[in-house]
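Peer 1: Have a look at this one before I ask anything.
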Amino acid sequence: MKKRLAFLLAAVLLVMAVGGGQATVLAKTSGKTAVSAHGRLKVKGVNLVDKKGKTFRLKGFSTHGINWFEQYVNQNAFRDLKKMGINCIRLAMYTSDYNGYCSGGDKAHLEEVIDRGVKACKAEGMYVIIDWHILNDSNPNTNIDEAKKFFRKMSSKYKKYNNVLYEICNEPNGGTTWSDIKKYANTIIKVIRKNDKKAVIIVGTPNWSQRIDEAAGSPIKGQKNIMYALHFYAATHKDDLRNLVAKTRQKGLPVIISECNISEASGNGYVDVAEGKKWFKTIKKYKLSCIAWSFCNKDETSALIKQGVSKTKGIKKKDLSKTGKFFVKMFK
26 MKKRLAFLLA AVLLVMAVGG GQATVLAKTS GKTAVSAHGR LKVKGVNLVD KKGKTFRLKG
86 FSTHGINWFE QYVNQNAFRD LKKMGINCIR LAMYTSDYNG YCSGGDKAHL EEVIDRGVKA
146 CKAEGMYVII DWHILNDSNP NTNIDEAKKF FRKMSSKYKK YNNVLYEICN EPNGGTTWSD
206 IKKYANTIIK VIRKNDKKAV IIVGTPNWSQ RIDEAAGSPI KGQKNIMYAL HFYAATHKDD
266 LRNLVAKTRQ KGLPVIISEC NISEASGNGY VDVAEGKKWF KTIKKYKLSC IAWSFCNKDE
326 TSALIKQGVS KTKGIKKKDL SKTGKFFVKM FK
């Protein structure tokens, strides 16, 4: 009887109130998961592969900015997504927008939200991308000193986790060149590698992470497990951008779609399902990982949760928006 009580006690879900009363379930999930089945990921040639060397696709949802949609960073919500076929969560932390990490935001609290998300993904056996979400800062070198401190801390804290990936500059823009990005990336990659020798690192590319061809022409040398970000919004980005995928693959560039949607590039406006299906033909052809933007109920067409749905657990397919349902269907 005592053994049974001890077992039941060990199985009880431990709940910690973190971040404005948001609860995080810390108990480990049971059964086979993406991480238990595939282990630590790495880059082999142009592909992301699992511990057995087999090509593996991340099929994920990205949070909106955790700066103001942190309620969706919880294990219950992640478990709901996992049931729909999602195996990865991208934690998008804005740097210079909306009380961002480098613009007056509460750094300690933002780090707590990231920790909540990483631990929830670990418990659910899901992969997680820690995203340094530059946007209005345009050039990642603008806040490179803060980035060095942040990634030094993150890579030290999660170096033993086999489910963590790092996205070191979301969408360089405003005329930022590949030379600018490459200089920044070489610095930050070295910071991460002092603590974590193996984690996959995602590098953004010029023009809101669209010019993967420029990265293909001068890739980062002397580093392993590096991938290059391509972002698309299907109602805006069409054949021209898809053609770049084919060209860069031929040049041997490992590409990951770390953010996308079927809305317009603004994140709002027209939803183009037909173009979205064309994108998924390319995604499946090249076995690309794909992370959809954004896991929240914001009043815009790229939001993956339906307007009027405020729940942050017990999320069903019926609670997803048109775009959310599209991605779940395509991932399956």
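Here the sequence shown is numbered in my numbering, starting from 26 and rising by one per residue. For every residue, glycine included, the Cβ atom is placed at its ideal position computed from N, Cα and C.
Please work out which residues of its chain come closer than 7 angstroms, Cβ to Cβ, to residue 351, disregarding the five sequence neighbours upstream and downstream, and give them in chain order.
Peer 2: Cβ within range, chain order: 287, 298, 301.
Peer 1: Please classify residue 133 as buried or exposed, where buried requires at least 16 other C-beta atoms within 10 Å of its C-beta.
Peer 2: The residue is exposed, with fewer than 16 neighbouring Cβ atoms inside 10 Å.
Peer 1: Mapping the DSSP letters down to three states, classify residue 93 as helix, strand or coil.
Peer 2: Three-state result, residue 93: coil.
Peer 1: Provide the residue(s) that pair with residue 110 in DSSP beta bridges, ordered along the chain.
Peer 2: Residue 110 is not bridged to any residue.
Peer 1: Using the beta-carbon count (16 or more within 10 Å), is residue 199 buried or exposed?
Peer 2: The residue in question, residue 199, is exposed, as its Cβ has fewer than 16 Cβ neighbours within 10 Å.
Peer 1: Ends of the beta strand (DSSP E) at residue 256?
Peer 2: Element bounds for residue 256: 251-258.
Peer 1: On a Cα-Cα basis, can you pick out the residue from 165, 342, 216, 163 that is closest to residue 181?
Peer 2: Of the listed residues, the one whose Cα sits closest to residue 181 is 216.
Peer 1: With 16 other CB atoms within 10 Å as the buried threshold, where does residue 93 fall?
Peer 2: The residue in question, residue 93, is exposed, as its Cβ has fewer than 16 Cβ neighbours within 10 Å.
Peer 1: Using only the alpha-carbon positions, how far apart do residue 355 and residue 109 sit?
Peer 2: C-alpha separation (whole angstroms): 11 angstroms.
Peer 1: Kindly indicate which three-state DSSP category residue 115 falls into: helix, strand or coil?
Peer 2: Note: residue 115 maps to strand in three-state DSSP.
Peer 1: Between the alpha carbons of residue 239 and residue 231, how many angstroms are there, rounded?
Peer 2: Between residue 239 and residue 231, the C-alpha separation is close to 8 angstroms.
Peer 1: Between residue 137 and residue 223, what straight-line distance do the alpha-carbon atoms span, to the nearest angstrom?
Peer 2: Taking the straight line joining both Cα atoms gives about 24 angstroms.
Peer 1: Of the residues 236, 266, 280, 265, which one's Cα is nearest the Cα of residue 253?
Peer 2: Comparing Cα-Cα distances from residue 253 to each of 236, 266, 280, 265, the minimum goes to 280.
Peer 1: Among all the DSSP beta bridges, which residues are the ones paired with residue 157?
Peer 2: Its beta-bridge partners are 118.
Peer 1: Considering only their Cβ atoms, is the gap separating residue 184 from residue 220 smaller than 8 angstroms?
Peer 2: Cβ distance < 8 angstroms, so residue 220 and residue 184 count as in contact.
Peer 1: Three-state secondary structure (DSSP) at residue 343?
Peer 2: Residue 343: helix per DSSP, three-state reduction.
Peer 1: From 272, 206, 130, pick the residue whose C-alpha is nearest to that of residue 165; which is it?
Peer 2: Measuring from the Cα of residue 165, the nearest candidate turns out to be 206.
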